[in-house]
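Peer 1: Chain order of the listed sequences is D and R.
Take 307 as the starting number for the first sequence in my numbering and just add one per residue.
Take 307 as the starting number for the second sequence in my numbering and just add one per residue.
Protein chains: 2
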Amino acid sequence: MTLQNDLLLRAARGEKTERTPVWLMRQAGRILAEYRAVREKAGSFIGLATTPELAAEVTLQPVDILGVDAAIIFSDILVIPEAMGLPYEMIEKRGPLFPNPVQTEADVHKLKIADAETDLGYVLEAIRITKRELNGRVPLIGFAGAPWTIFAYMIEGSGSKTFSKAKRMLYTNPELSHTLLRKITDSTIHYLHGQIRAGADLVQVFDSWAGILSPEQYRIFSLPYLRQICDAIQEVPKTIFAKDAWFARAEIAQLDCNTVGLDWTMDPVESRKLVGPNKTLQGNLDPCVLYADFQTIERETKKMLEAFGPHRHIANLGHGVYPDTDPDKVRCFVETVKNHAN
Amino acid sequence: MTLQNDLLLRAARGEKTERTPVWLMRQAGRILAEYRAVREKAGSFIGLATTPELAAEVTLQPVDILGVDAAIIFSDILVIPEAMGLPYEMIEKRGPLFPNPVQTEADVHKLKIADAETDLGYVLEAIRITKRELNGRVPLIGFAGAPWTIFAYMIEGSGSKTFSKAKRMLYTNPELSHTLLRKITDSTIHYLHGQIRAGADLVQVFDSWAGILSPEQYRIFSLPYLRQICDAIQEVPKTIFAKDAWFARAEIAQLDCNTVGLDWTMDPVESRKLVGPNKTLQGNLDPCVLYADFQTIERETKKMLEAFGPHRHIANLGHGVYPDTDPDKVRCFVETVKNHAN
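1) Looking at chain R, is there any beta carbon in it that lies within less than 8 angstroms of the beta carbon of Ser577(D)?
2) Could you say if the stretch 332-349 of chain R and the stretch 621-639 of chain R meet the contact criterion of at least three C-beta pairs nearer than 8 angstroms?
3) Quick test of your reading: His484(D) and Ala422(D), contact by CB under 8 angstroms. State the CB separation rounded to the nearest angstrom.
4) Which chain R residues sit within Cβ distance under 9 angstroms of Lys553(D)?
5) Find the residues of chain R that neighbour Ser350(D), judging by a C-beta separation of less than 9 angstroms, and give them in chain order.
6) Using DSSP bridges, identify the partner residues of Ile620(R).
7) When you compare the CB positions of Val385(R) and Leu354(R), do they come within less than 8 angstroms of one another, or not?
8) I'd like to know whether the C-beta atoms of Ile447(R) and Leu508(R) end up nearer to each other than 8 angstroms.
9) Out of Thr424(D), Leu430(D), Ile456(D) and Ile539(D), point me to the one whose CA is closest to Leu486(D)'s CA.
10) I need the boundaries of the alpha helix (DSSP H) containing Gln534(R), first residue and last residue.
11) Rounded C-beta distance between Ser470(R) and Tyr628(D)? I'm assuming under 8 angstroms.
12) Within 10 angstroms of the Cβ of Asn645(D), are there 16 or more other Cβ atoms? Answer buried if so, exposed if not.
13) Buried or exposed for Pro453(R), going by 16 or more other Cβ atoms inside 10 Å?
14) Taking 8 angstroms as the CB-CB limit, is Val344(D) close to chain R?
15) Where does the unbroken alpha helix (DSSP H) through Val640(D) begin, and where does it stop?
16) Is the CB-CB distance between Leu392(R) and Val408(R) below 8 angstroms?
17) I'd like to know if Ala334(R) contacts chain D, where contact means its C-beta is closer than 8 angstroms to some C-beta of that chain.
18) Give me the Cα-Cα distance between Ile490(R) and His496(R), rounded to the nearest whole angstrom.
19) So is Gly463(R) in contact with chain D if we call contact Cβ pairs under 8 angstroms?
20) If distances are taken between C-alpha atoms only, which option among Tyr428(D), Gly442(D), Glu324(D) and Leu417(D) comes closest to Leu366(D)?
21) Check each candidate in Thr565(R), Leu596(R) and Asn590(R) and name the one with the smallest Cα separation from Val581(R).
22) Among all the DSSP beta bridges, which residues are the ones paired with Leu403(R)?
23) Taking 8 angstroms as the threshold, find out whether the stretch 606-618 of chain R comes into contact with the stretch 584-598 of chain R through three or more Cβ pairs.
24) Using the beta-carbon of each residue, which ones in chain D are nearer than 7 angstroms to Arg474(R)?
25) Determine the chain D residues that contact Ser483(R) at a beta-carbon separation under 8 angstroms, and present them in chain order.
26) Got a sec: is the Cβ-Cβ distance from Gly517(D) to anything in chain R below 8 angstroms?
27) Exposed or buried, Asp312(D), counting other C-beta atoms within 10 Å across all chains shown (16 or more means buried)?
28) Does the beta carbon of Pro653(R) come closer than 8 angstroms to any beta carbon on chain D?
29) Which residue comes first and which comes last in the alpha helix (DSSP H) that contains Leu476(D)?
30) By the three-class DSSP mapping on this structure, what secondary structure does Gln560(D) have?
31) Which class does Lys347(D) belong to by DSSP, given the choice of helix, strand or coil?
32) Who does Val509(R) pair with in a DSSP beta bridge?
33) Compare the beta carbon distance of Leu338(R) and Pro543(R) with 8 angstroms and say whether it is the shorter of the two.
34) Would you decide whether Met572(R) is buried or exposed? Buried here means 16 or more other CB atoms lie within 10 Å of its CB.
35) When you compare the CB positions of Val640(D) and Val374(D), do they come within less than 8 angstroms of one another, or not?
36) Name the two residues that bound the continuous alpha helix (DSSP H) containing Thr602(D).
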């Protein structure tokens, strides 16, 4: 099916666009009352993520309500460990919890490589429903966590400020770390291929905990696996968003990806110099700007657009939108981008 | 009194030293069983910090037990809000909590400028006792939080991954933010002067939450206040440690400070280029290296020393030592630095 609005894909491929496309990380989520109503109906976060009809419903909401140029499938990066045999719970206001995190060599060996169709069929089904309902209005983004970030949760067992158990494993048992990272990578490649077969028009890999590694550790334990994923996916454009990995921008630019996501600490002009002319940049307004008045949001959004320039830019925040953000403020951000002449 | 070991001060001033000095952030703390025994006796963290004899006792422990080249007074950056009229509690395993965080203009106006002698006399007394007990063995480091970091806690009311309430205040009420930042800065300058009168040989300012601001916000809401502090303190060498503020290294180097602290994501060679030849660099081993075996710790520590080179370097971790680190591993780090020929 031909897309009526393919700004996102053209910008990702480096083609000229009449204006900059815009979407938000976590746009399908707690900011919208309509999401909270469906979430209530589902009973739990995981219940929502594993019920394809409901996941599709919340995926579509921001397209209608916020007017963004892309949908991103409602799911969670931690479905991969679950599919590999490591179940988790989502604790209200605390975040994810793995009751049995990976601790020993035996734990690593008993994990399986996830199969997209049998283990993650519910996400693929949500993608198929969403594509049908979108009916070509905007592209649908698929996603997965980066292997290092998934590894961090699987070892740590929960979120953490320092992920010191996961980092301890890298320093004390690099070989076992690589074994686990390979299993995660293989699972992720199968999963992203499944998402693309189901209809995802672009995929984004989130390396949410990139920034807690030293540049050297990042080079050893994250970049090679991002490279494997980028090399394996050739069907659709790919975005790498490595939060806080300011030190790795030039190296990420060497990967076979189309777009490099930036958080709000990364200056657009400096980043363009590091990344070179052949990648699209995505980002990077500070999510806290959306707490300000409309005039400030407009001013800061325009300033950001000017800093990136009109080409090879996908407007977004520098992180997921914070759950207590007023949807009207989000709309102000989206509208400012859409009204800005390239 | 003449110091028997003044390596730290000479390195800070840029004088040649026969070897690189070494100490650790949070060296007086939970890593040592001897600390935990005193903490037990004190009944609570705040009880320990406010009892000068006990605070002095735990300050001295790492000098004897770990063999570091400096003591750092055992205290907490949040004594400043407390002294300004905003009390806090330390919740076991959760961190600090302000029952009544700053929310309104009236809240800001009723805060006072802290007086070192009357409001923070217990810290000054701990410094005097420590200096007496040290008897010139090594220098004593005093410290305070950076105004932005203190502001962040005073508004947020607790630790936070995003400090979005504090950042919201910067965007929605910049004038009131500056008013509060000025009050914190004035209090901090009084406090650091008091510490120096009591005997601190060097002072370090911790901007622990520097990295969650955009470079522009950091320029507006943090750097000017760091500058005021650096300009006001002329009696002893000054260190600025702005964690995660990789983007501000060149600007921090323009401040009237002697030493710039680096976290473990900041490459020593790149940082030297940004900071120039006229500052000492401090850091920056990944604290998680101390989870590895002795051989790895030795190898990584030597690699770090080579990267910084023999001059204008104070060896440290890139963050406070993690509480579950084996003291023998810390000793291995310290000994490796001390045995490394410059």
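Beta carbons are placed, not taken as given, at the ideal position from N, Cα and C, and that holds for glycine.
Peer 2: Taking the coordinates as given:
1) Residue contact check for Ser577(D) against chain R: no CB pair falls below 8 angstroms.
2) Flag = yes, the stretch 332-349 of chain R and the stretch 621-639 of chain R touch.
3) Contact flag wrong, Cβ pair sits at about 23 angstroms.
4) Note on residue identity: the sequence assigns Phe, not Lys, to residue 553(D). Going along chain R in sequence order, the residues near Phe553(D) (Cβ under 9 angstroms) are Trp552, Thr571, Met572, Asp573 and Glu576.
5) Contact of Ser350(D) with chain R by beta-carbon distance below 9 angstroms is absent, the smallest such distance being about 22 angstroms.
6) Its beta-bridge partners are Gln588(R).
7) Cβ atoms of Val385(R) and Leu354(R): not closer than 8 angstroms.
8) Yes, the Cβ-Cβ distance between Ile447(R) and Leu508(R) is below 8 angstroms.
9) Just measuring C-alpha positions, the residue of Thr424(D), Leu430(D), Ile456(D) and Ile539(D) sitting nearest Leu486(D) is Ile456(D).
10) Note, Gln534(R): alpha helix (DSSP H), Leu529 to Ala538.
11) That pair is a contact at about 5 angstroms.
12) When all chains shown are included, Asn645(D) counts as exposed.
13) Buried: at least 16 other Cβ atoms inside 10 Å.
14) Val344(D) does not count as touching chain R.
15) Residues Pro633 to Asn645.
16) If you check the CB distance, Leu392(R) and Val408(R) come in under 8 angstroms.
17) At a cut-off of 8 angstroms between beta carbons, Ala334(R) makes no contact with chain D.
18) Near 10 angstroms, if we compare the C-alpha coordinates of His496(R) and Ile490(R).
19) So no, Gly463(R) is outside the interface.
20) Nearest C-alpha to Leu366(D): Gly442(D).
21) Shortest Cα-Cα distance from Val581(R) to any of Thr565(R), Leu596(R) and Asn590(R) involves Thr565(R).
22) Leu403(R) is bridged to Glu395(R) and Ser464(R).
23) In short, these stretches touch, since the Cβ pair count reaches three.
24) Going along chain D in sequence order, the residues near Arg474(R) (Cβ under 7 angstroms) are Cys594 and Tyr597.
25) Correct list: empty, because the minimum Cβ distance to chain D is about 12 angstroms.
26) Output row for Gly517(D): interface = yes.
27) Residue environment for Asp312(D): buried (at least 16 other C-beta atoms within 10 angstroms of its C-beta).
28) This structure does not reach residue 653(R), given that chain R is present from 307 up to 648, and the question cannot be answered.
29) Annotation: the continuous alpha helix (DSSP H) that includes Leu476(D) extends over Ser470 to Thr478.
30) Coil at Gln560(D), not helix or strand.
31) Helix.
32) DSSP output for Val509(R) lists Gly448(R) and Lys544(R) as bridge partner(s).
33) Judged by beta-carbon spacing, Pro543(R) lies beyond the 8 angstroms limit of Leu338(R), meaning their Cβ atoms are not closer than that value.
34) Label assigned to Met572(R): buried.
35) Taking 8 angstroms as the Cβ cut-off, Val640(D) and Val374(D) qualify as a contacting pair.
36) Run containing Thr602(D): Phe600 to Phe614, per the alpha helix (DSSP H) assignment.
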